[in-house]
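Count the sequence shown with this note's numbering and you get residues 14 to 168, in order. Report on one structure; see the data block that follows.
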Amino acid sequence: MLFMGFYEFNIEGVLHSVGTEEDSIRFTSGQPEKNKGDWKWLYFSSNSSIMAYTVVEYGGGDGDDWQDANINANNAFLAMQNCRVSHSNKNGIKLFSSDLTLTESIIHDNSDYGIHVTSNSTADISGNDIYNNNDGIYISSSTADISGNDIYDNS
């Protein structure tokens with residue numbers, strides 16, 4: 014899916030974004046020259062969704078909104094495996110009162126946190142590469158099981 018402007022994709026039901034290693038599903042900027050913040054975000058609310066072999070990049074809004082991220086989850090459950098979340102104008106993934114299982118994925122080159130877990134969220138983050146973000150992972154008023162990740166070159 015190419016975003017040709019400052020749009021957001023709100024998921025108030027279930028999203029099954031399941032590609033393959035050879036053919037990933039992409040949510041990205043449709044601009045000829047891609048820049049962080051070209052579009053807003055994927056916004057998940059109140060259901061369970063699955064993403065595998067999915068790329069989410071060049072979103073994150075204008076960087077001034079509390080929910081600016083490539084992926085926002087609010088009262089949702091999100092399972093992600095073999096995904097890439099990158100080049101956000103703020104956070105790669107941001108959780109509010111949500112549950113995340115993130116495995117074997119790459120989170121990189123986001124302007125703020127690679128992963129921001131807040132407001133009574135829970136996260137299981139394992140086997141990922143998390144690098145070149147301002148901060149790799151930030152946990153606030155939440156719980157997380159973080160194991161077996163390569164977290165490096167975050168400011």
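We put the beta carbon where it would ideally sit given N, CA and C, even for glycine.
CA-CA distance, residue i and residue j?
{"i": "GLY161", "j": "ASN141", "result": "7 Å"}
{"i": "ASP166", "j": "ILE143", "result": "9 Å"}
{"i": "VAL31", "j": "SER62", "result": "10 Å"}
{"i": "ASP137", "j": "MET93", "result": "10 Å"}
{"i": "LEU55", "j": "THR41", "result": "10 Å"}
{"i": "ILE177", "j": "ASP77", "result": "Shown here, the chain extends from 14 to 168; a query on residue 177 therefore has no answer."}
{"i": "ASN85", "j": "PHE109", "result": "8 Å"}
{"i": "ILE150", "j": "ALA89", "result": "19 Å"}
{"i": "ASN87", "j": "SER155", "result": "13 Å"}
{"i": "SER58", "j": "ASN23", "result": "8 Å"}
{"i": "SER132", "j": "SER153", "result": "7 Å"}
{"i": "ASP51", "j": "GLY73", "result": "8 Å"}
{"i": "LEU115", "j": "TYR20", "result": "25 Å"}
{"i": "SER134", "j": "LYS53", "result": "22 Å"}
On the DSSP bridge list, what partners appear for residue i?
{"i": "LEU55", "result": "PHE22 and ILE84"}
{"i": "MET14", "result": "DSSP output for MET14 lists no bridge partner at all."}
{"i": "GLN94", "result": "ALA65 and THR116"}
{"i": "ASP166", "result": "DSSP lists no partner for ASP166."}
{"i": "TYR71", "result": "DSSP output for TYR71 lists no bridge partner at all."}
{"i": "ALA157", "result": "ALA136"}
Mind checking residue i: buried by the 16 CB within 10 Å criterion, or exposed?
{"i": "ASP36", "result": "exposed"}
{"i": "PHE16", "result": "buried"}
{"i": "ASP81", "result": "buried"}
{"i": "MET64", "result": "buried"}
{"i": "TYR71", "result": "buried"}
{"i": "ASN48", "result": "exposed"}
Leaving out five residues on either side along the sequence, give the residues of the same chain with a beta carbon under 6 Å from the beta carbon of residue i.
{"i": "ASP148", "result": "TYR126 and ASN167"}
{"i": "LEU113", "result": "LEU91 and ALA136"}
{"i": "GLU117", "result": "GLN94, ASN95 and GLY140"}
{"i": "ASP122", "result": "SER99, HIS100 and ASN145"}
{"i": "LEU28", "result": "SER62"}
{"i": "ASP163", "result": "ASP142"}
{"i": "ILE38", "result": "SER30, GLY32 and THR67"}
{"i": "ARG97", "result": "VAL68 and ILE119"}
{"i": "MET14", "result": "PHE40"}
Within a Cβ cutoff of 7 Å, which residues of the same chain sit near residue i, ignoring the five residues on either side of it in sequence?
{"i": "THR33", "result": "TYR66"}
{"i": "ASN60", "result": "GLY26, VAL27 and ALA89"}
{"i": "GLY43", "result": "LEU15, PHE16 and MET17"}
For residue i, collect the residues of the same chain with a Cβ closer than 8 Å to its Cβ; drop the 5 residues on either side in sequence, then sort them by chain order.
{"i": "ASP158", "result": "ALA136, ASP137, ILE138 and SER139"}
Restricting to runs no shorter than 4 residues, where is the alpha helix (DSSP H) found entirely within the region 99 to 140?
none
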